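*Asks:*
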Amino acid sequence: MKTLNLGLIGVGRIGTMHANNLNTLRPQLAERGLDVNLWITDVAADYARTVAEGLGANFFDSVQGMIDAGVDALLIATGTMTHPDLIRAGIAANLPVFCEKPVAGDVEAALPLLEEIAAASGRVQIGHQRRFDAGYLEAKRRLEAGDIGWIHSMRAITGDMFPPSLEFIASSGGLFRDCSVHDFDILRWITGKEIVEVYAKGSNNGDPGIGAAGDVDTALAVLTFEDGTVATAIATRYNGAGHDVRLEIQGSKDTVVVGLDEKSALRSVEQGVAFPAGTAHQTFIERFDDAYRAELVAFIEYVLGERDNPCSPWDAVAASRVADAAQESLRTGAPVSVAMVPAS
Ligand SMILES: NC(=O)c1ccc[n+]([C@@H]2O[C@H](COP(=O)([O-])OP(=O)(O)OC[C@H]3O[C@@H](n4cnc5c(N)ncnc54)[C@H](O)[C@@H]3O)[C@@H](O)[C@H]2O)c1
């Protein structure tokens, strides 16, 4: 049995989910001859110690403590602004790193880090879990098989049911960087094409604190791809019907929809139509439960050298470029060209 010590930094919303997922994956990983131990650290030490105890994980009072104790890989699930320094700590210790999206608060902060990762031949996977979701994978397969034909338009939707804390919003970089970046990533990944221009609008009809924090609660981006294809990406913090993540791809031969099933957060008003009849997802954690687990398994395989990096920092920064352009368009009210990310 091979032992792998994974060091999780940050046990807030998403970090706790990764910790729970890793725990439930352990039997499956053991069948593959892997004994995976979870090590945990967080600046909120008392809380993290309790989480670690509850999961039978080892608690460390610092990242350096985990590194000194011989951790095999790092999982970074702390707030966005802390990502660059923690990625740096991982690559300086020659450790493979999984880091939640985004790489940094903005692209300007990410670019020097990309150079450092390249210079150190660092192994860094970024957390865009939709790449592991069965629906997005099937849409990509059908597109590549030619079943959809050429795309005339796409509509991406990301609707959170409730806003996160105002404290989180203030440090999130804005709705496009925090939420729509997942749509920007998946649109690039599915089509294999770059988004070259963004025109954005936003509104604030919910908690006035969101506007006071410099953000919008709802936003729409009109996206133009390098071949002229158009798409929209809409995000909101107030989708009362449930957590709604969908993508419609309409082509010359067929239309496919990701996220349309019995649990979709929408109601038909047509006579006799009961679909979708299920209870809608409430959170991103429920909606992408399987995808988050598959993402974690992929990281472990990447650590072991069994697969390529499924989401490189260069790829993630390319999506962040679109988010930055959208934030800029929101600010200026004008369309903004998306600058390309230098090749890795
Ligand atoms: N992939 C996704 O679907 C997804 C979903 C939610 C959040 N995220 C990303 O995950 C990150 C965390 O989001 P969250 O909602 O879990 O935030 P959160 O505020 O709930 O949790 C962050 C945790 O990190 C800890 N922390 C902060 N700085 C630290 C440091 N330097 N060292 C150790 N611990 C530290 C905090 O004490 C807290 O417990 C964000 O970057 C966010 O963009 C991704």
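Residues -12 to 331 in my numbering are what the sequence shown lists, from first letter to last.
Note that beta-carbon positions come from the ideal geometry of N, C-alpha and C, so glycine has one too.
Fair warning: this is a prediction, and the values are worked out from it, not measured in the lab.
1. In or out: proline 99 buried (at least 16 other Cβ within 10 Å) or exposed?
2. The beta strand (DSSP E) with glutamate 273 in it runs from where to where?
3. Given 6 Å as the limit, tell me if glycine -1 has its C-beta closer than that to any heavy atom belonging to ligand 2.
4. Using the DSSP secondary-structure output, state which residues sit across from alanine 220 in a beta bridge.
5. Just to confirm the assignment, what range does the alpha helix (DSSP H) spanning alanine 17 have?
6. Rounding to the nearest angstrom, what Cα-Cα distance links asparagine 7 and arginine 254 in this structure?
7. Throw me the rounded Cβ distance for the alanine 285 and arginine 294 pair, which I believe falls under 8 Å.
8. Which runs of the alpha helix (DSSP H), 4 residues or longer, sit entirely within the region 44 to 96?
9. Sorted by chain position, which residues of the same chain lie with C-beta nearer than 6 Å to leucine 317's C-beta, five sequence neighbours on each side aside?
10. In terms of alpha-carbon separation, which member of Gly77, Ile221, Ile1, Ile287 lies closest to lysine 88?
11. Is it buried or exposed for phenylalanine 149, if we count other Cβ within 10 angstroms and need 16 for buried?
12. Going by the C-beta, is valine 284 closer than 6 Å to any heavy atom of ligand 1?
13. Report the three-state DSSP secondary structure of valine 183 (helix, strand or coil).
14. Let me know the secondary structure DSSP gives glutamate 293 once reduced to three states.
*Replies:* Let me spell this out:
1. Position 112 of the sequence shown, counted from the start, is the residue given in the question as residue 99. Result: exposed.
2. Taking the first residue of the sequence shown as 1, we reach residue 273 at position 286. No beta strand (DSSP E) contains glutamate 273, which is instead part of the alpha helix (DSSP H) from 271 to 274.
3. Absence of ligand 2 is noted for the structure shown, with ligand 1 being the only ligands found.
4. Residue numbering aside, residue 220 sits at position 233 when the sequence shown is read from its first letter. Answer is Ala143, Ala208.
5. Here residue 17 refers to the residue found at position 30 of the sequence shown. Unbroken alpha helix (DSSP H) run through alanine 17: 0 to 18.
6. For the purposes of this step, residue 7 is taken as residue 20 along the sequence shown, with counting starting at 1. For the purposes of this step, residue 254 is taken as residue 267 along the sequence shown, with counting starting at 1. Each residue's alpha carbon lies about 32 Å from the other.
7. Residue numbering aside, residue 285 sits at position 298 when the sequence shown is read from its first letter. Residue numbering aside, residue 294 sits at position 307 when the sequence shown is read from its first letter. Right, their Cβ atoms sit about 7 Å apart.
8. 50 to 55, 70 to 79
9. Translated into positions along the sequence shown, residue 317 becomes position 330. Answer for leucine 317: Ala187, Gly189, listed in chain order.
10. Stepping through the sequence shown from its first residue, residue 88 is reached at position 101. Selected option, being the one with the closest Cα: Ile1.
11. On the sequence shown, residue 149 is found 162 positions in, with the first residue counted as 1. Phenylalanine 149 should be labelled exposed.
12. For the purposes of this step, residue 284 is identified with residue 297 of the sequence shown, where counting begins at 1. Result no, Cβ not under 6 Å from ligand 1.
13. Counted from its first residue, the sequence shown places residue 183 at position 196. Note: valine 183 maps to strand in three-state DSSP.
14. The residue you call residue 293 lines up with position 306 of the sequence shown. Of the three classes helix, strand and coil, the one that applies to glutamate 293 here is coil, per DSSP.
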